[in-house]
Amino acid sequence: METLYVVQGFHAAGGSVVADKPILHGMEQLARTRGEMLAEQLAGVLVYAQAADADRGEYSEPVIL
Numbered sequence: 001m002e003t004l005y006v007v008q009g010f011h012a013a014g015g016s017v018v019a020d021k022p023i024l025h026g027m028e029q030l031a032r033t034r035g036e037m038l039a040e041q042l043a044g045v046l047v048y049a050q051a052a053d054a055d056r057g058e059y060s061e062p063v064i065l
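Structure follows, in structure tokens:
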């Protein structure tokens, strides 16, 4: 399994908060930096790590960074 680092942004739309397309990174520090940059522009940002074996469709529980 490999570890994926995901940056999930959220934007405001008509009184609701809507998820943007997630951004995948191979390195934790890049994901954290990208999340910090996006936090200045978006309604919210979530950065998390998740072990994944995409070939087998197996994913661990996400860990919020």
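Last residue of the sequence shown: 65 in the numbering used here, with the numbers rising by one and none dropped. Even glycine gets a Cβ: it sits at the ideal position worked out from N, Cα and C.
Nearest to residue i (by Cα), restricted to the options the options
| i | options | result |
| --- | --- | --- |
| residue 9 | 44, 49, 61, 29 | 44 |
| residue 11 | 5, 57, 4, 22 | 22 |
| residue 20 | 46, 30, 37 | 46 |
| residue 63 | 17, 18, 13, 28 | 28 |
| residue 16 | 60, 58, 42 | 42 |
Assumed close pair residue i, residue j - CB separation to whole angstroms, cut-off 8 Å
| i | j | result |
| --- | --- | --- |
| residue 5 | residue 49 | 5 Å |
| residue 35 | residue 7 | 5 Å |
| residue 53 | residue 1 | 5 Å |
Where residue i falls: helix, strand or coil (DSSP)
| i | result |
| --- | --- |
| residue 41 | coil |
| residue 35 | helix |
| residue 4 | strand |
| residue 58 | strand |
| residue 65 | coil |
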